[in-house]
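So the number in the numbering used here is just where the residue sits in the sequence shown, counting from 1, plus 443.
Note that beta-carbon positions come from the ideal geometry of N, C-alpha and C, so glycine has one too.
Heads up, the thing below is written out as structure tokens.
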Amino acid sequence: MKSSQIQSYKKQLAALEAELMDFLGLSSESSQAVELDQARMGRVSRGDAMQQQAMVSAAHQRDEKHLVAVRKALKRIDSDDFGFCLECGDDINPQRLDVAPETELCLDCQSLQEQRQKSQS
Numbered sequence: 444m445k446s447s448q449i450q451s452y453k454k455q456l457a458a459l460e461a462e463l464m465d466f467l468g469l470s471s472e473s474s475q476a477v478e479l480d481q482a483r484m485g486r487v488s489r490g491d492a493m494q495q496q497a498m499v500s501a502a503h504q505r506d507e508k509h510l511v512a513v514r515k516a517l518k519r520i521d522s523d524d525f526g527f528c529l530e531c532g533d534d535i536n537p538q539r540l541d542v543a544p545e546t547e548l549c550l551d552c553q554s555l556q557e558q559r560q561k562s563q564s
């Protein structure tokens with residue numbers, strides 16, 4: 444892979460890392476405990492607030508995992524391992540990296556991994 448391509452991916456990943464860090468900072472404020480004062484908030488409103496809090500928490504966890512993947516990709520760039528499948532060692536298709544530069548697996552290995560996970564569930 445060309446150095447210019449790698450630098451482009453590094454720039455994308457750094458921007459994505461900053462975006463996720465900003466969002467995670469904001470979403471942690473949104474996941475504060477729901478107020479228990481029934482006099483100020485009806486049961487339905489409290490239930491809605493708890494559901495909203497659960498959704499924010501799930502999104503927060505998803506974004507934390509995404510941030511970890513982005514940081515791993517940045518480390519792979521620094522160690523010259525970027526763009527290679529961690530499973531088989533083959534090149535990852537550049538079109539796949541364009542869509543998700545943090546990806547660790549080629550399409551074939553990703554499909555195999557998903558099939559294994561599906562059969563275990």
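Margin query: What does the alpha-carbon distance come out to for the pair ASP533 and GLN556?
Written below: 16 angstroms
Contact set for ASP465: own chain, Cβ-Cβ below 6 angstroms, skip 5 residues either direction
none
- prompt: Where do the ends of the alpha helix (DSSP H) carrying GLU557 lie?
  reply: 550-563
If you reduce the DSSP assignment to three classes, tell me which class ASP491 lands in. helix
request  = Identify, in the order they occur along the chain, each residue of the same chain with its Cβ nearer than 6 angstroms to the Cβ of LEU459, setting aside the five sequence neighbours on each side.
outcome  = Setting aside the 5 residues that flank it on each side, LEU459 is surrounded in the same chain by VAL513, each with a C-beta closer than 6 angstroms to its C-beta; the list follows chain order.
Compare the Cα-Cα distances from LYS453 to each of CYS528, CYS552 and ILE520 and report the closest residue. ILE520
| task | Mind checking who PHE525 pairs with in its DSSP beta bridge? | result | Bridge partners of PHE525: none, in fact.
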